[in-house]
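Asks: Numbering (the working numbering), first residue to last: 238 to 482.
Dropping the structure in here first, questions after.
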């Protein structure tokens, strides 16, 4: 069983389109298969609105795409619902509009200027007016995981020792401690993002494909055949083996 996956996008529509070009080239050789996007569509990058709209349009036209929910997707929709809501997994003093989180860049893509430098209440009122409700509904309805064949996809990872069907959203979109340092076999191969690296890395029991697009790095696309993982490049497939590029 083959699948494709794309790491954390963070508002980079140009990188997303190029990742899909690499996938399309592989599909032309190997045949169609679903494409799983691991979440964090927005924040930090220049065109969050464009990313969300492009993915929605593709899925409406029948593309075999899955878009999972990431922590940034949750922060965005929760801010629109209640600007004073504090995500229990986000460390103080951070909030969605903090420069390190990147919500102001997302709102800028919807025509809302200087969101991080103004009082929250007027920013929120403007966001409610200008952010497309269809975009919010799309983000809110995203699944938090996908189990396909011998692979389990989630934005951040899983809570080791908890059955896959019993995983909590907080862990699926936020977890680091207790997962990244756990070498045990989790059953299926866990494919995730969330923790930015210089390059996609295979750890044996999991594969992290967040290659720091949010910070100027590339956006990783991979092909997965069974449990074999291949990095997709402009020149084609490159095997991604444990501990190797």
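We put the CB at the ideal spot given by N, CA and C, even for glycine.
Since the model is a prediction, treat every value here as computed from it, not as a measurement.
Alpha carbon to alpha carbon, what distance is there between residue 459 and residue 264?
Replies: Straight-line Cα distance between these residues: approximately 12 Å.
Asks: Apart from the five residues on each side of it in sequence, which residues of its chain come closer than 7 Å, Cβ to Cβ, to residue 472?
Replies: Same-chain partners within the cutoff: there are none.
Asks: Indicate whether residue 317 and residue 275 have their beta-carbon atoms separated by less than 9 Å.
Replies: In this structure, residue 275 does not lie closer than 9 Å to residue 317 by Cβ.
Asks: Whose C-alpha, out of 266, 355, 270, is nearest the C-alpha of residue 386?
Replies: The option with the nearest alpha carbon to residue 386 is 270.
Asks: Figure out for me which residue from 375, 479, 249 has the closest Cα to the Cα of residue 287.
Replies: Comparing Cα-Cα distances from residue 287 to each of 375, 479, 249, the minimum goes to 249.
Asks: On the premise that residue 378 lies in contact with residue 285, defined as a C-beta separation below 8 Å, what is that separation, rounded to the nearest angstrom?
Replies: Going by Cβ atoms, the distance from residue 285 to residue 378 rounds to 17 Å, so no, they are not a contact pair.
Asks: Could you tell me the alpha carbon to alpha carbon distance between residue 239 and residue 322, rounded to whole angstroms?
Replies: The alpha-carbon atoms of residue 239 and residue 322 are separated by roughly 40 Å.
Asks: Give every residue of the same chain whose Cβ lies closer than 7 Å to the Cβ of residue 482, excluding the five residues on either side of it in the sequence, and list them in chain order.
Replies: Reliability fails at residue 482, whose pLDDT of 47 lies under 50, so the model's placement of it is uncertain and the value that follows must be treated cautiously. Cβ neighbours of residue 482 beyond the five flanking positions: 436.
Asks: Going along the chain, which unbroken runs of the alpha helix (DSSP H) with 4 or more residues stay wholly within the stretch 320–391?
Replies: Runs found: 340–346, 357–367, 370–377.
Asks: Please name the residue in 332, 325, 277 whose C-alpha comes closest to that of residue 449.
Replies: It is 277 whose Cα lies nearest to the Cα of residue 449.
Asks: Could you compute how far the alpha carbon of residue 463 sits from the alpha carbon of residue 364?
Replies: The alpha-carbon atoms of residue 463 and residue 364 are separated by roughly 43 Å.
Asks: State yes or no: is the C-beta of residue 429 nearer than 8 Å to some heavy atom of the ligand ADP?
Replies: This structure lacks the ligand ADP; in fact it carries no ligand of any kind.
Asks: Could you tell me whether the stretch 441–456 touches the stretch 356–375, where touching means 3 or more Cβ pairs closer than 8 Å?
Replies: Because the criterion of three Cβ pairs below 8 Å is not met, the stretch 441–456 and the stretch 356–375 do not touch.
Asks: Threshold first: 4 residues or longer. Then list the alpha helix (DSSP H) segments lying entirely within the stretch 256–332, N to C.
Replies: Here the runs fully enclosed are 285–297, 308–318.
Asks: What did DSSP end up calling residue 452 once you bin it into helix, strand or coil?
Replies: It is helical.
Asks: Taking 9 Å as the cut-off, decide whether the C-beta atoms of residue 411 and residue 393 are in contact.
Replies: Closer than 9 Å, so yes.
Asks: Roughly how many angstroms separate the alpha carbons of residue 281 and residue 341, rounded to a whole number?
Replies: Straight-line Cα distance between these residues: approximately 8 Å.
Asks: Per DSSP, which residues does residue 476 bridge with? Please list them.
Replies: BP columns for residue 476 point to 467.
Asks: When DSSP labels each residue in this structure, what does residue 482 get in the three-state scheme?
Replies: Unreliable positioning characterises residue 482 in this predicted model, as indicated by a pLDDT of 47, which lies under 50. The coordinate reading is nonetheless provided below. Here residue 482 sits in coil by DSSP.
Asks: Find out if the Cβ-Cβ distance for the pair residue 549, residue 388 is shorter than 9 Å.
Replies: A query on residue 549 cannot be resolved here, the shown segment of the chain reaching from 238 to 482 and no further.
Asks: From the DSSP output, in three-state form, read off residue 417 for me.
Replies: In this structure, residue 417 counts as coil in the three-state DSSP scheme.
Asks: Pick out whichever of 251, 309, 438, 414 has its Cα sitting closest to the Cα of residue 465.
Replies: With distances taken between Cα atoms, residue 465 lies closest to 438.
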